[in-house]
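Everything in the sequence shown is counted per this note's numbering, starting at 2 for the first residue and increasing by one.
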Amino acid sequence: MTPLEELRHSASHILATALLRIYPDAKLDIGPPTDTGFYYDVDLDHKLTAEDLQKIEAEMKKVAEENQPFLRKEVSREEAVEIIKSRGQERYKLGRLADIPEGEKISFYQNGEFMDLCAGTHVRYSSKVKAFKLLSIAGAYHRGSEKNKQLQRIYGTAFPTKDELAAYLEQVEQAKHRDHRKLGKDLRLFVIDEDVGQGLILWTPNGSVIRQELQTFISEELRKQGYSQVFTPHIGKLELYKISGHFPYYKESQFTPVVENESLARILREGCSCAEMVVRLDAVSSHLAAQVNARTGTETITADRVKPDDQLLDGFMLKPMNCPHHIKIFSSQPHSYRDLPVRLAEFGTVYRWEQSGELNGMTRVRGFTQDDAHLFCTEDQVAQELLGCLSLVKIVLNTLGMSDYRVRVGLRDPDSNKYTGAKENWDKAEAACREAAKTLGVAFTEEPGEAAFYGPKIDFVVRDVIGREWQLGTVQVDYNLPIRFDLTYSGADNQPHRPVMIHRAPFGSMERFCGVLIEHFGGDFPVWLSPEQVRLVPISEKTLEYGREVLSLLKAAGVRATLDEHNDKLGAKIRRSEIEKIPYTLVLGGKEAETRAVSVRSRARGDEGTVGVEQFIAKVQEEIRLRTLSEKKKPA
Ligand SMILES: [Zn+2]
Ligand SMILES: [Zn+2]
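See the structure below:
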């Protein structure tokens with residue numbers, strides 16, 4: 002354990018100590034450290050409340066102050082059973098003891114009157130744990146299985162110092178206000194409707210503005226970098242994914258194939274069972290198997306999957322990946338080395354089957370639109386193309402004020418055999434990824450064993466304004482799919498050569514990226530991304546006509562603005578604009594109407610005084626054109 006994990010895990014022992022003082026009947030399961038703290042799972046008839054947590058926390062303080070040493074005791078398996086029974090903890094702890102393999106040491110740790118089956122390690126004295134807090138209670142099934150009893154999981158956190166704890170608690174508090182699910186609802190950015198389906202995002206008009214602005218921005222950068230835009234359908238034949246290898250090997254994470262009515266009627270007439278239907282969907286013709294195996298040079302499709310043609314059942318898949326479609330666009334034309342690289346970009350929508358428990362707002366969904374592109378290049382061009390991908394990411398993230406990010410280079414594990422392709426290709430691709438990451442000028446780590454099975458990859462992890470890390474998208478080098486689809490270009494020697502593919506979706510998906518952006522900005526989007534950029538607030542009916550005039554000027558200038566025609570007091574109108582996080586509110590009184598001026602309130606900077614209408618419009622237009630970030634809000 003790291004020193005921090007040791008501290009947090011010790012805190013979970015202290016939690017158990019305090020808990021048993023208050024609830025001697027509690028049955029303990031396990032109490033490990035986590036990335037952000039610790040928890041202990043307990044079985045207790047009494048349902049714990051927030052007040053109970055306070056009581057337990059107060060008792061924990063006492064245990065810490067008692068300065069109890071953590072003492073290790075190694076015992077035999079029989080002794081361990083005795084200790085567990087003598088403490089009345091056999092319900093879960095005997096099972097946990099049975100998990101320890103024969104021959105491995107069995108140890109208990111004691112602090113004060115409490116003793117727990119544990120391999121360690123811990124801090125030396127309980128007084129070391131002084132900056133901690135219990136946070137929440139949640140239900141958790143024993144061993145994570147719904148078949149088992151649901152226990153109460155008590156979450157807490159601990160830090161080496163009180164200041165670090167306070168900073169973390171502040172971050173948690175901030176995160177609550179920034180939660181994209183809450184803001185998405187308040188600002189009407191997106192909805193998820195049970196009748197449409199879980200994990201399927203409906204982009205409302207406000208959210209669609211943000212997505213469209215982002216897509217326009219990314220597309221502009223892609224054009225500058227020589228990408229070509231393509232569009233492809235949401236489905237593709239099953240056979241396509243049998244060639245690529247996406248089916249049937251990843252079918253747990255895909256939607257079930259769509260079978261044509263005629264084929265379905267035919268197999269029903271034949272009396273085909275459901276199990277047989279699955280086998281037929283997975284099966285391939287001997288022709289296809291021979292083709293793929295010849296290309297890859299191994300038995301990629303095994304003989305047991307081959308069926309006679311009249312037993313094959315074809316269907317369509319909701320596409321889990323855009324690559325095969327883009328490959329087919331590439332291979333529809335002959336290519337010379339002079340045409341390369343070919344860069345095909347699409348905001349391509351894909352569908353993946355996620356367990357319902359895994360779904361989360363916009364960040365874990367079942368249908369999403371990747372900022373996808375596939376680059377087909379020569380081996381010599383890989384390094385240069387990777388650099389292009391990275392520079393694009395840099396431009397976009399910097400524009401969004403996310404300049405704090407790091408890069409992870411996923412390499413193959415030299416001891417594993419799960420990776421396909423020749424070693425020299427891997428060496429070249431890994432060197433290219435490493436070099437590209439170096440030139441980026443940001444921190445990067447190399448992680449052996451984290452490569453995709455067909456090639457190394459570069460992942461982006463951004464840190465948002467409150468210090469949380471978000472994994473965005475990825476850039477991958479691929480030698481595998483060009484072989485499976487037999488892609489070629491003719492080289493300077495007039496001979497056919499194999500191109501290398503680069504898959505890249507640096508922002509992951511529009512859903513995930515927008516979710517992250519909502520939290521990053523806390524709903525306070527810069528002007529260019531704001532669904533509504535300017536709100537006009539007339540002081541009274543008398544200036545309504547002037548308001549309409551200003552509105553049409555703003556609209557003609559391409560600014561997204563509305564006029565508040567409600568019959569409320571001025572204060573209420575301004576407040577409404579505040580709640581809706583509109584970047585500019587223009588107050589229109591008699592004096593403003595007379596002088597063709599507007600009184601400007603910036604959400605970020607407060608009162609900005611009165612300026613002429615044309616002057617204001619020019620300023621906003623410039624802000625939008627330059628995609629300026631709103632300056633930080635003054636403290637209220
Ligand atoms: Zn322990
Ligand atoms: Zn791809």
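Every residue gets a Cβ at the ideal spot worked out from N, C-alpha and C, and that includes glycine.
Using only CA atoms, which one of VAL517, ASP569, ALA557, LYS574 lies nearest to ARG536?
Here the closest residue by C-alpha is LYS574.
Pull up the DSSP beta-bridge partners for SER600, would you.
Beta-bridge pairing links SER600 to VAL588, THR611.
In the DSSP assignment, what residue or residues form a beta bridge with ARG407?
Answer by DSSP bridge pairing, in chain order: VAL462.
Evaluate ASN112 with the Cβ neighbour count: other Cβ atoms within 10 Å of its Cβ, from every protein chain shown; 16 or more gives buried, anything less gives exposed.
Flag for ASN112 reads buried.
Among VAL397, THR586, ASN418, VAL612, whose alpha-carbon lies nearest the alpha-carbon of ALA598?
Among VAL397, THR586, ASN418, VAL612, the Cα nearest to that of ALA598 is on VAL612.
Once DSSP output is grouped into helix, strand and coil, what is the label at VAL82?
In this structure, VAL82 counts as helix in the three-state DSSP scheme.
Nearer than 8 Å: is that true of the beta carbon of ALA65 relative to any heavy atom of ligand 1?
It does not: the Cβ of ALA65 is nowhere closer than 8 Å to a heavy atom of ligand 1.
State whether the segment 212-220 contacts the segment 336-343, with contact taken as three or more CB pairs (one from each stretch) at a distance under 8 Å.
No, because fewer than three Cβ pairs between the segment 212-220 and the segment 336-343 fall closer than 8 Å, the two stretches do not touch.
Going by C-alpha to C-alpha distance, which of PRO507, GLU174, TYR142, LEU201 sits closest to ASP373?
Comparing Cα-Cα distances from ASP373 to each of PRO507, GLU174, TYR142, LEU201, the minimum goes to PRO507.
Could you check the C-alpha separation between ASN68 and GLU60 for me, to the nearest Å?
Going from the Cα of ASN68 to the Cα of GLU60 covers about 13 Å.
For MET278, does the three-state DSSP call read helix, strand or coil?
Helix, per DSSP.
Closer than 8 Å to a non-hydrogen atom of ligand 1 - does that hold for the CB of ASP381?
No, since every heavy atom of ligand 1 falls outside the 8 Å radius drawn around the Cβ of ASP381.
Helix, strand or coil for SER108 per DSSP?
In this structure, SER108 counts as strand in the three-state DSSP scheme.
What is the chain-ordered set of residues for which the beta carbon lies under 5 Å from any non-hydrogen atom of ligand 2?
Result (chain order): CYS324, HIS504.
Would PRO161 and LEU16 be called neighbours here (beta carbons separated by less than 9 Å)?
Going by C-beta atoms, PRO161 is not nearer than 9 Å to LEU16.
For the alpha helix (DSSP H) that LEU488 lies in, which residues bound it at each end?
Taken as a continuous stretch (DSSP letters only), LEU488 belongs to no alpha helix (DSSP H), as it is neither H nor E.
Let me know the alpha helix (DSSP H) ranges lying completely inside the segment 277-321, each 4 residues or longer, listed in chain order.
Runs found: 287-297.
Would you report the Cα separation of TRP204 and PHE191, rounded to the nearest angstrom?
Approximately 5 Å between the Cα atoms of the pair.
With which residues is TRP471 paired in a DSSP beta bridge?
Its beta-bridge partners are VAL463.
Give the secondary structure of LEU29 by DSSP, where H, G and I count as helix, E and B as strand, and everything else as coil.
Strand.
For LEU118 and SER87, I'd like the C-alpha separation in whole angstroms.
In a straight line, the C-alpha of LEU118 is about 13 Å away from that of SER87.
Is there contact here, the segment 174-185 with the segment 28-37, by at least three beta-carbon pairs under 8 Å?
Output reads no: the segment 28-37 does not touch the segment 174-185.
Nearest by alpha-carbon distance to VAL410: which of ALA290, VAL397, LYS439, GLY38 is it?
Of ALA290, VAL397, LYS439, GLY38, the residue nearest in Cα terms is LYS439.
At a cut-off of 8 Å, would you count SER11 as near ligand 1, judging by its Cβ distance to the nearest heavy atom?
Yes.
Out of curiosity, what's the CA-to-CA distance linking GLU380 and SER631?
Roughly 43 Å between the two C-alpha positions.
Assuming ASN481 and GLY559 form a contact by the criterion Cβ under 8 Å, report the distance between their Cβ atoms to the nearest whole angstrom.
With a Cβ gap of about 46 Å, ASN481 and GLY559 do not count as contacting.
Under the criterion of a Cβ to heavy atom distance below 8 Å, does ALA81 qualify as lining ligand 1?
Flag unset: Cβ of ALA81 not near ligand 1.
From the DSSP output, read off the bridge partner residues of LEU21.
According to DSSP, LEU21 bridges with nothing at all.
Does DSSP classify TRP204 as helix, strand or coil?
In the structure shown, TRP204 sits in a strand (DSSP, three-state: E or B).
Can you name the residues that DSSP bridges to TRP378?
In the sequence under discussion, the amino acid at residue 378 is Cys, which differs from the Trp named in the question. Paired residue(s): VAL501.
Does any heavy atom of ligand 1 sit closer than 8 Å to the C-beta of ASP428?
Result no, Cβ not under 8 Å from ligand 1.
How far does the beta strand (DSSP E) with MET116 in it reach, from first residue to last?
Note, MET116: beta strand (DSSP E), 115-118.
Suppose you measure from the CA of HIS47 to the CA of LYS28; what does that come to, to the nearest Å?
If you take the alpha carbons of HIS47 and LYS28, they lie about 12 Å apart.
Cβ of ALA19 versus every heavy atom of ligand 1: is any distance shorter than 8 Å?
No, Cβ of ALA19 sits at least 8 Å from all heavy atoms of ligand 1.
Which of the three DSSP states is assigned to THR217 in this structure?
In this structure, THR217 counts as helix in the three-state DSSP scheme.
At a threshold of 8 Å, does ALA159 count as lining ligand 1 (C-beta to nearest heavy atom)?
It does not: the Cβ of ALA159 is nowhere closer than 8 Å to a heavy atom of ligand 1.
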